[in-house]
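Numbers given in the numbering used here equal positions in the sequence shown, counted from 1, plus 2.
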Amino acid sequence: MANSHIVAATLKGRDMPEPEKQLCAYCDEGEALDAFGIIIAELPASKLVLFKEQSHKGRVIVASKHHVSEIVDLSDEEREAFLNDVNHVAKALHAAFHPDKINYGAYGDDGHHLHFHLCPKYRDGFEWKTVFAMNPDRVHLDESQYQELAKAIIQHL
3 MANSHIVAAT LKGRDMPEPE KQLCAYCDEG EALDAFGIII AELPASKLVL
53 FKEQSHKGRV IVASKHHVSE IVDLSDEERE AFLNDVNHVA KALHAAFHPD
103 KINYGAYGDD GHHLHFHLCP KYRDGFEWKT VFAMNPDRVH LDESQYQELA
153 KAIIQHL
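Below, the structure is given as structure tokens:
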């Protein structure tokens, strides 16, 4: 994807009060986000976040640039752009890591920022044929390893 690049971008809050924006990890981009992820690219409708817990090699989050709770809160054009980003990221994960399957998760009963987890799964790997755990707290990498994963994904966007 030619217009993706490594950068932190501004999210577009929809009449979002400042206190809520500060409580949203994807909008604030501070310690809350740093606790679980690293922004590795800006896409047309989203930010691409490398999930720090890497029990599933290549696991990422695609977070909408709009602070909305549900996909139905996006306009048709925004929804199409967001899902195109998800699709491009999935293709990049397949090209970079050759998973047997990618699981998609959109959770967040308490979180109110639209985002999808893309979790590559491997036939003989952790949690094959089960729902992936939100944070199994098994595999954490050093900075250079996170950079290598990010580079592998970004080169296929």
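All C-beta atoms in this analysis are idealised placements derived from N, C-alpha and C, irrespective of residue type, glycine included.
Spatial neighbours of residue i within its chain, please: C-beta separation below 7 Å, excluding the five flanking residues on both sides.
i: Glu145; result: none
i: Tyr148; result: Ile40, Leu52
Could you work out which residue in the options is closest to residue i when comparing CA atoms only?
i: Phe38; options: Lys153, Val141, Ile156; result: Val141
i: Ala108; options: Val64, Leu143, Asp75, Leu151; result: Val64
i: Ile155; options: Asp78, Glu72, Ser48, Ala92; result: Ala92
Where does residue i fall in DSSP's three states?
i: His115; result: coil
i: Cys121; result: strand
i: Leu52; result: strand
i: Asn105; result: strand
i: His69; result: strand
i: Ala37; result: coil
i: Glu31; result: coil
i: Ala43; result: strand
Assign residue i to one of two classes, buried (16 or more other C-beta atoms within 10 Å of its C-beta) or exposed (fewer than that).
i: Arg61; result: buried
i: Tyr106; result: exposed
i: Ser66; result: buried
i: Asp139; result: exposed
i: Asp198; result: It is not possible to answer for residue 198, since the shown part of the chain is limited to 3 through 159.
i: Gln157; result: exposed
Since I believe residue j is in contact with residue i (beta carbons under 8 Å), could you give me their beta-carbon distance rounded to a whole number of angstroms?
i: Lys59; j: Phe99; result: 6 Å
i: Ala43; j: Leu50; result: 4 Å
i: Ala83; j: Pro46; result: 5 Å
i: His96; j: Glu80; result: That pair is no contact at about 25 Å.
Report all residues from its chain with a CB closer than 6 Å to the CB of residue i; omit the five preceding and five following residues, and keep chain order.
i: Tyr124; result: Pro101, Asp102
i: Ala27; result: Ala34, Leu35
i: Ala152; result: Ile42, Leu52
With a threshold of 8 Å on Cβ separation, who are the neighbours of residue i within its own chain once the five nearest residues in sequence on each side are excluded?
i: Glu55; result: Phe38, Arg61, Asn137, Pro138, Asp139, Arg140, Val141, His142
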